[in-house]
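**Student:**
Protein chains in written order, with this note's numbering: chain L, 1 to 81; chain D, 82 to 162.
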């Protein structure tokens with residue numbers, strides 16, 4: 001079962017990588033860029049048959065390892081859900 | 082206009098970050114994990130009115146800066162498209 005996880009910085013948390021990208025794009029003449037935020041995208045292949053179990057396990061993975069809940073949000077998408 | 086970009090490693094390209102996550106999850110007893118691939122997720126806020134122009138510009142941004150086309154793929158999603 002394929003699971004897609006997005007880890008993004010919470011609103012208000014400074015994003016130096018996003019700002020660096022934004023500045024580079026401006027210096028390359030992409031003037032329509034107003035804001036850039038960079039996050040992580042993680043694809044997991046799981047040996048699970050139950051979507052409910054898969055979501056439960058991936059939620060635990062996010063809480064325990066993948067996301068830093070102080071500054072990051074996570075969202076989980078499961079194929080076929 | 083909000084644009085979402087996913088940058089992922091091409092198939093066959095070694096993903097040390099993904100492997101590190103996979104090993105950590107196994108050591109934490111998440112035994113159903115078979116494979117993990119880590120990519121980047123970039124959200125852009127653009128001052129554009131035309132979706133066609135926005136896609137054209139973001140495609141150029143991916144080619145020129147955001148993705149390393151030798152080892153990475155990119156995909157672009159535009160809200161309202």
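Even glycine gets a Cβ: it sits at the ideal position worked out from N, Cα and C.
Note that the structure is predicted; figures quoted are calculated from it, not measured.
What is the C-beta distance between residue 158 of chain D and residue 85 of chain D, in whole angstroms, given that I count them as a contact (C-beta under 8 Å)?
**Tutor:** Correct: roughly 4 Å between the Cβ atoms.
**Student:** Please identify the residue among D/146, D/125 and D/82 whose C-alpha is closest to the C-alpha of residue 27 of chain L.
**Tutor:** Taking only the C-alpha atoms, the option nearest residue 27 of chain L is D/146.
**Student:** Taking only three categories from DSSP, how would you classify residue 85 of chain D?
**Tutor:** Of the three classes helix, strand and coil, the one that applies to residue 85 of chain D here is strand, per DSSP.
**Student:** In this structure, does DSSP put residue 55 of chain L in helix, strand or coil?
**Tutor:** Looking at residue 55 of chain L - three-state DSSP - the assignment turns out to be helix.
**Student:** Give me the residue from L/18, L/16 and L/39 with the minimum Cα distance to residue 68 of chain L.
**Tutor:** Cα-wise, what sits closest to residue 68 of chain L is L/39.
**Student:** Run through chain L and tell me which residues come within less than 8 Å of residue 155 of chain D, C-beta to C-beta.
**Tutor:** Within chain L, no residue comes near residue 155 of chain D; the closest Cβ sits about 11 Å away, beyond 8 Å.
**Student:** Hey, how far is the Cα of residue 128 of chain D from the Cα of residue 138 of chain D?
**Tutor:** C-alpha separation (whole angstroms): 11 Å.
**Student:** Considering only C-alpha positions, which residue in the set D/93, D/88, D/94 and D/117 is nearest to residue 101 of chain D?
**Tutor:** Closest by alpha carbon: D/117.
**Student:** Who are the neighbours of residue 32 of chain L on chain D, taking C-beta pairs under 7 Å?
**Tutor:** Within 7 Å Cβ-Cβ: 127, 128, 129 and 138.
**Student:** Roughly how many angstroms separate the alpha carbons of residue 82 of chain D and residue 61 of chain L, rounded to a whole number?
**Tutor:** Each residue's Cα considered, the two are about 32 Å apart.
**Student:** Sort D/123, D/133 and D/114 by Cα distance to residue 45 of chain L and report the nearest one.
**Tutor:** The shortest C-alpha separation from residue 45 of chain L is found at D/114.
**Student:** Which two residues bound the contiguous alpha helix (DSSP H) that contains residue 39 of chain L?
**Tutor:** Note, residue 39 of chain L: premise wrong, no alpha helix (DSSP H); beta strand (DSSP E) at 33-46.
**Student:** Just curious, the alpha helix (DSSP H) that residue 71 of chain L is in, first and last residue?
**Tutor:** Neither: residue 71 of chain L is in no alpha helix (DSSP H) and is coded neither H nor E.
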